[in-house]
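In our numbering, the protein residues as written are 190 to 465.
Quick reminder that beta carbons are idealized off the backbone N, C-alpha and C, glycines included.
Keep in mind that this is a model prediction, so the values were computed, not measured.
Here the structure comes first, spelled out in structure tokens, and everything after it is commentary.
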Amino acid sequence: MKIVKHSGDIVEFNSDKLKKSLLKSGASALEVDTILYTIKKQMFEGISTKQIYKMAFSLLKKTANSHAARYNLREAIRLLGPAGFFFEKYVGRLFSAENYKTITNLTLQGKCVSHEIDVLVKKNEIIAMVECKYHAGRDVASDVKVPMYILSRFNDIKERNHPIFDRKDIVSKCWIVTNNRFTVDAITFAKCSGLNLLSWNYPEDNNLKTKNDSNSLYPVTCLTTLSLAEKDKLLILDVILVKEIINNSDCLNRIGLSPNRMKNVLKEASELCRYI
190 MKIVKHSGDI VEFNSDKLKK SLLKSGASAL EVDTILYTIK KQMFEGISTK
240 QIYKMAFSLL KKTANSHAAR YNLREAIRLL GPAGFFFEKY VGRLFSAENY
290 KTITNLTLQG KCVSHEIDVL VKKNEIIAMV ECKYHAGRDV ASDVKVPMYI
340 LSRFNDIKER NHPIFDRKDI VSKCWIVTNN RFTVDAITFA KCSGLNLLSW
390 NYPEDNNLKT KNDSNSLYPV TCLTTLSLAE KDKLLILDVI LVKEIINNSD
440 CLNRIGLSPN RMKNVLKEAS ELCRYI
């Protein structure tokens, strides 16, 4: 059966790929088989992947909110926009979880001009600048122009000492992080230039998806028991990760949730972060 991707491309439906993503949500093999059977019965020639996703999400939610939340991860990261400010904070949390010291949203004077830096990180006395490329569109890729441009900024910044963590810090590494993907040329150029890349699917074994699942670094926008407006209120309160709700449930009270709804949100959050 032919299906239509987000990009408009028409491809053959791959049930194994869908099954794999459903299993990664934490649903049992029996639950996944039941969901696949239900979806296949409702499919038709030319159905969009967006429609299939909505069906899968709805059916997963009936098994457990946390399953649907985990399945919704990529969309949840996209909801950290629209300007990408909260995506930068989220990226800072990813590095903090790996024992980096992090500072977000600052300006450094380069040799030639000043530069706004999304995130600065430090570990083992090595300081790196992290540039975040947020895309609202699911199929937008960061092409080779992105690392080329950021490399020029990095080269200007590393020529000077900076009073960041200490008085004479040197920025010696550079990361580029995107919520979508990099083109082949962008990856090739970055490797050749010594830049580090992180995207939804790159590097293969240590990307945004695997980092989330390995360390339970799910953004609050994953949660299915909260409305979009409530998620935005949490982000404004600087509550970026689901695990931060578990450690500070008072934030749910601050955004106006009733005790019963707080209980449901905390249940979903705990189940989501307990899964490995």
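Using the Cα positions of V333 and Q231, report the straight-line distance between them to the nearest angstrom.
-> Taking the first residue of the sequence shown as 1, we reach residue 333 at position 144. Taking the first residue of the sequence shown as 1, we reach residue 231 at position 42. Taking the straight line joining both Cα atoms gives about 41 Å.
Taking all protein chains shown into account, decide if I199 is buried (16 or more other Cβ within 10 angstroms of its Cβ) or exposed.
-> For the purposes of this step, residue 199 is identified with residue 10 of the sequence shown, where counting begins at 1. Under this definition I199 is an exposed residue.
Please report the Cβ distance between Y260 and L249, rounded to the nearest whole angstrom; I am assuming they are in contact, meaning their Cβ atoms lie under 8 Å.
-> Taking the first residue of the sequence shown as position 1, residue 260 is located at position 71. Taking the first residue of the sequence shown as position 1, residue 249 is located at position 60. Confirmed, Cβ separation roughly 5 Å.
Put C321 into one of helix, strand or coil per three-state DSSP.
-> Looking up residue 321 in the sequence shown gives position 132. In the three-state scheme derived from DSSP, where H, G and I count as helix and E and B as strand, C321 is classed as strand.
Endpoints, beta strand (DSSP E) assigned at T367 = Within the sequence shown, residue 367 is the residue found at index 178, counting from 1. Per DSSP, the unbroken beta strand (DSSP E) holding T367 starts and ends at 360-367.
Please specify which runs of the alpha helix (DSSP H), each continuous and at least 4 residues long, are wholly inside the segment 353-432, giving them in chain order.
-> Counting only runs of 4 or more, we get 373-382, 397-404, 417-425.
Excluding five sequence neighbours on each side, which residues of the same chain lie with their C-beta closer than 8 Å to the C-beta of N437?
-> Position 248 of the sequence shown, counting from 1, holds the residue named residue 437. Excluding positions up to five away in sequence, the list reads V428.
Cβ contact check for the segment 340-352 and the segment 391-398: 3 or more pairs under 8 Å | No, because fewer than three Cβ pairs between the segment 340-352 and the segment 391-398 fall closer than 8 Å, the two stretches do not touch.
Cβ pair count under 8 Å reaching 3, the segment 266-280 against the segment 226-240 = Touching, no, given that fewer than three Cβ pairs across the two stretches are closer than 8 Å.
Which ranges does the beta strand (DSSP E) cover as unbroken runs of at least 3 residues, wholly within the segment 229-306, from first to last along the chain?
-> Residue ranges of uninterrupted beta strand (DSSP E) with 3 or more members, entirely inside the segment 229-306 and ordered along the chain, are 290-298.
What is the residue span of the alpha helix (DSSP H) that I346 lies within?
-> The sequence position of residue 346 within the sequence shown is 157, counting from 1. Per DSSP, the continuous alpha helix (DSSP H) segment holding I346 begins and ends at 334-346.
Kindly give me the distance between the Cβ atoms of S403 and T367, rounded to whole angstroms, as I take these residues to be in contact under 8 Å.
-> Your numbering for residue 403 matches position 214 in the sequence shown. Your numbering for residue 367 matches position 178 in the sequence shown. Actually they are not in contact, since the Cβ atoms of S403 and T367 sit about 19 Å apart, beyond 8 Å.
In terms of alpha-carbon separation, which member of L225, F284, S196 lies closest to K145?
-> In this structure the chain extends from 190 to 465, so residue 145 is not present and cannot be described.
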